[in-house]
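Undergrad:
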Amino acid sequence: MIIYSEFCTPRLEYTLNLVFSRILGLGYSIITSFDITQNESELLINYSNSDIKNSVKILPSGLLSENFLKQHDKKNGNFEGLPTIYHSGKGDIPFDIFSAIFYMVSRYEEYLPFEGDVHGRFRAEESLAYKYGFHRLPVVELWCKLLADKLGIAFPDQPVKVLPTIDIDNAWKYKNKGFFRTVGGIFKSLLKMDLSSLREKIAVISGKMSDPADNYAYLEEIGSKTDCTVQYFILAGSRGKNDRAIPIGNKQFRKLLVRLNQKKSVGLHPSYRSFGSEKELEKEYLSLCSVFTNKITKSRQHYLLLKFPGTYRNLIKLGIREDYSIGWGSQAGFRAGISRPFPFYDLLAEKQTHLMLVPFVAMDRTLKDYMKLTPDEAISLLDQLKEYTKQIGGWFVLLWHNDSIGDTGEWKGWRPVFEKSLGYGEIN
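Residues 967 to 1394 in the working numbering are what the sequence shown spells out, letter by letter.
#1: In its own chain, which residues sit with a C-beta less than 6 Å from the C-beta of ASP923, not counting the 5 before and 5 after it?
#2: Can TRP1377 and ASP1330 be called in contact, C-beta distance under 9 Å?
#3: With a Cβ-Cβ cutoff of 9 Å, do SER1237 and LEU1270 count as a contact?
#4: Which residues mark the beginning and the end of the beta strand (DSSP E) in which PRO1049 is found?
#5: Taking LYS1264 as the reference, give the member of ASP1289, LEU1348 and TYR970 with the closest Cα.
#6: With 16 as the cutoff for other CB atoms within 10 Å, does GLU1397 come out buried or exposed?
#7: Candidates ILE1304, VAL1196 and PHE1088: which alpha carbon is nearest HIS1367's?
#8: Excluding the 5 residues preceding and the 5 following LEU1185 in the sequence, name in chain order all residues of the same chain whose CB lies nearer than 7 Å to its CB.
#9: Which complete beta strand (DSSP E) runs does the segment 1226 to 1282 hold, if anything under 3 residues is left out?
#10: Taking LEU1113 as part of the alpha helix (DSSP H), name the residues at either end of that continuous run.
#11: Quick check on the DSSP output: the alpha helix (DSSP H) that includes PRO976 runs from which residue to which?
#12: Grab the span of the beta strand (DSSP E) containing THR1355 for me, first residue to last.
#13: What would DSSP say about SER1370, mapped onto helix, strand or coil?
#14: Evaluate the contact criterion for the segment 1079 to 1091 versus the segment 1047 to 1056: three or more CB pairs, one atom per stretch, below 8 Å.
#15: Between the Cα of ASN1136 and those of ILE1214, SER999 and PHE986, spot the shortest distance and give me the residue it belongs to.
#16: Assign LEU1035 to one of two classes, buried (16 or more other C-beta atoms within 10 Å of its C-beta) or exposed (fewer than that).
#17: Using only CA atoms, which one of LEU1030, GLY1028, SER999 and SER1027 lies nearest to ILE1018?
#18: If you follow the beta strand (DSSP E) that ILE1188 is part of, which residue opens it and which one closes it?
#19: Kindly provide the ranges of any alpha helix (DSSP H) runs that are 4 or more residues long and lie completely inside the segment 1017 to 1085, ordered along the chain.
#20: Within 10 angstroms of the Cβ of ASP1342, are there 16 or more other Cβ atoms? Answer buried if so, exposed if not.
#21: Do you know offhand how far SER1014's Cα is from PRO1026's?
#22: According to DSSP, is GLU1385 helix, strand or coil?
#23: Do ILE1067 and THR975 have their beta-carbon atoms positioned less than 9 Å apart in this structure?
#24: Taking the straight line between their C-alpha atoms, what separation do you get for LEU1397 and LYS1230?
#25: When you compare each of ALA1315, PRO1307 and MET1337 to VAL1071 by their alpha carbons, which one comes out closest?
#26: May I ask you to report which of helix, strand or coil DSSP gives THR1131?
#27: I need the straight-line Cα distance from HIS1038 to ASP1177, nearest angstrom please.
#28: Starting from LEU1201, follow the beta strand (DSSP E) in both directions and report where the run begins and ends.
#29: Quick check on PHE1310: does DSSP put it in helix, strand or coil?
#30: From the DSSP output, read off the bridge partner residues of ASP1209.
#31: Does any residue of chain C have a CB that is nearer than 9 Å to the CB of PRO1125?
#32: Which whole-angstrom value describes the C-beta separation of LEU1234 and TYR1251, a residue pair presumed to lie in contact below a C-beta threshold of 8 Å?
#33: Pick helix, strand or coil for PHE1362, following the three-state DSSP scheme.
#34: Helix, strand or coil for ILE1171 per DSSP?
#35: I need the straight-line Cα distance from LYS1207 to LEU1365, nearest angstrom please.
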């Protein structure tokens, strides 16, 4: 694959590598000078304002030739049934497909000033994808499929990869909390006259009832009966207003972590307190690493707290190689417009990094609390999102918590959502 462009920048190289190497599985080369007598028969993509015969012409918008941040005119449009941005209406593909892809996967809009939610997070409703109505489409891969069609090449035919991920904010609801914390919880229920909670606590502590958050045997069963490897993220920070983790020093907790990490499937879940604190983040990382013989290389932010590029720069310093935080809290869909893992591009340093970002499509509390869906409505939405992912042979990554799959309390009726999202029905 030969691409002619009058410029060759880190942004362009990153985008072409993502499109051709990672998604389409093709080799490519970039040329910045054109000799019609030598190259016309080989050239396939003309990414310039020039007219070149026998090529697929795409007009550059200017985004990929820059090395600074600014607001752009990201005119939206539609081409062959797909929503577009950087739409020019000219060329064989009437929008700057490469700038559109770079804008989405670099999270360009999250580097610009925005009004965050109560936690300071970038809101789905502020995103260009949501405003233009394509936040539930893996548009990056769909655009690549469109490009493949225009070039007359086959889009890779691959099965969808389903990956359930579990955030463990609190390993147990009542068990293994220590004497003082357990007694304190009982007195708290008494003071509130919460007799239902009190009866549940006593039943669990006395061994008459299983802990509602202790669903690890069930998850192991899911893993053994399906092709899905369950990925866990462990909150290892000190207790605080938004951090309720059990101390890493707790013997039963350490025993559980070793059990869950048999397939090297445990990652870090940086605490709310650690957000913006490199020192606290390192402390939590080392604390979790002390439990295992293998190095921790995966991470997902607690509360999905992200600040570009600082959060990822700090993770890279620790040796984290995969982050699973790219997804929204308030909406289901594709935050970066892509379903499969992709390299983090540091827009302030203008370079691609070795950190891979693994996006997820939906979180349990997003479906139940933010979107106010019933279990049946959630199943219908996830089926739709999974179908989109199947069309491009992508990754279908879901975020659940160890308590939300317990099918008790506020989560009664939600276990079937988890099971059906995996495509295997009820596990007996």
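Where a beta carbon is used, it is the ideal one built from N, C-alpha and C, also for glycine.
TA: Walking through what the data contain:
#1: Coverage of the chain is limited to positions 967 through 1394, which leaves residue 923 absent and any answer about it impossible.
#2: yes
#3: no
#4: 1048 to 1050
#5: ASP1289
#6: One cannot answer for residue 1397 here, as it falls past the ends of the chain, which runs 967 to 1394.
#7: VAL1196
#8: ILE1132 and VAL1196
#9: 1232 to 1235
#10: 1105 to 1117
#11: 976 to 982
#12: Careful: THR1355 lies outside any beta strand (DSSP E), inside the alpha helix (DSSP H) at 1341 to 1357.
#13: coil
#14: no
#15: ILE1214
#16: exposed
#17: SER999
#18: That residue, ILE1188, is in no beta strand (DSSP E); its alpha helix (DSSP H) goes 1182 to 1191.
#19: 1063 to 1071
#20: exposed
#21: 6 Å
#22: helix
#23: no
#24: Here the chain covers residues 967 to 1394 and nothing more, so residue 1397 does not appear.
#25: PRO1307
#26: strand
#27: 52 Å
#28: 1197 to 1201
#29: strand
#30: GLY1206
#31: Absence of chain C from the displayed structure is noted, only one protein chain being present.
#32: 6 Å
#33: strand
#34: helix
#35: 22 Å
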